[in-house]
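For what it's worth, UniProt numbering labels the leading residue of the sequence shown as 1, then goes sequentially.
Taking it in order: structure first as structure tokens, then the write-up.
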Amino acid sequence: MIDAAVEQLLLDDPKSYVIPADVVANVTATNTLEHALLVLSKVGYSRIPVLDADDHLQGMISLAAITDKLLHVPGAAVEQLSQYTVADAMLPVEHWVDDPKKLETILNYMVDEPFIPLLNDQNVFQGIITRREILKRVNYLAHNLDNHYTVTALTDEGQLSES
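Structure below.
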């Protein structure tokens, strides 16, 4: 369990670490892999969301998944990517959250994921929470904890003293 004081400082403004859906690069399952490769190359990310026409999260597409698909194509030429769709190579979504305040869940997922999709209660894509943005909040915490709390060494009872 996350310490309440730490959680309060990290969650000071949960929207500050959510990148809204309208600025997140994405593709559809019907886009070609060539298109997905161009989008990934242009934005500089290794993985982006795959959305349907109603902005429901369908999966993820990554440079690694495109490369893997390409390696299984006879002749393995990049121009052959236009013959395949994102659906042919997209990855399932393993982790997502429906509330940016689910900090413990987000931190657990961040160990293995560069970003976590944020979905609403109808599974409509709302944005992403990136490891970078979470680390910015941790950096804020590290530099501002003493502005909000007095932290002392553990007492004999094993409790941290806060004021």
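Here a beta-carbon is modelled for each residue, glycine too, at the ideal position from N, C-alpha and C.
Mind reading off the beta-carbon distance from residue i to residue j? Whole number of angstroms is fine, and I expect it under 8 Å.
i	j	result
residue 5	residue 149	6 Å
residue 36	residue 86	5 Å
residue 33	residue 84	5 Å
Do residue j and residue i have their beta-carbon atoms positioned less than 8 Å apart in this structure?
i	j	result
residue 113	residue 2	no
residue 66	residue 89	yes
residue 98	residue 68	no
residue 17	residue 133	yes
residue 11	residue 141	no
Count the other CB atoms within 10 Å of the CB of residue i; is the residue buried (16 or more) or exposed (fewer)?
i	result
residue 50	buried
residue 92	exposed
residue 74	exposed
residue 126	buried
residue 8	exposed
residue 130	buried
residue 71	exposed
residue 167	Here the chain comprises residues numbered 1 to 163, so residue 167 is not present and cannot be evaluated.
Got a sec? Which residues, its chain only, sit under 7 Å from residue i by beta carbon, not counting five neighbours each side?
i	result
residue 25	39, 43, 45, 48
residue 128	19, 24, 115, 116, 117, 118
residue 62	46, 47, 91
Using a threshold of 7 Å, is the CB atom of residue i nearer than that to any non-hydrogen atom of the ligand GTP?
i	result
residue 67	Annotation note on the ligand GTP: not contained in the displayed structure, which lists no ligands.
Between residue i and the rest of its own chain, which residues show a CB-CB distance below 6 Å, the 5 nearest in sequence each way excluded?
i	result
residue 170	Outside the shown range of the chain (1 to 163) lies residue 170, about which nothing can therefore be said.
Spatial neighbours of residue i within its chain, please: C-beta separation below 8 Å, excluding the five flanking residues on both sides.
i	result
residue 52	28, 29, 58
Next on the checklist: Restricting to runs no shorter than 4 residues, where is the alpha helix (DSSP H) found entirely within the UniProt domain "CBS" (18 to 78)?
Outcome noted: 33 to 43, 63 to 71
Item to check | Completely contained alpha helix (DSSP H) runs for the segment 74 to 131, where each covers 4 or more residues | outcome: Qualifying alpha helix (DSSP H) stretches, in chain order: 103 to 110.
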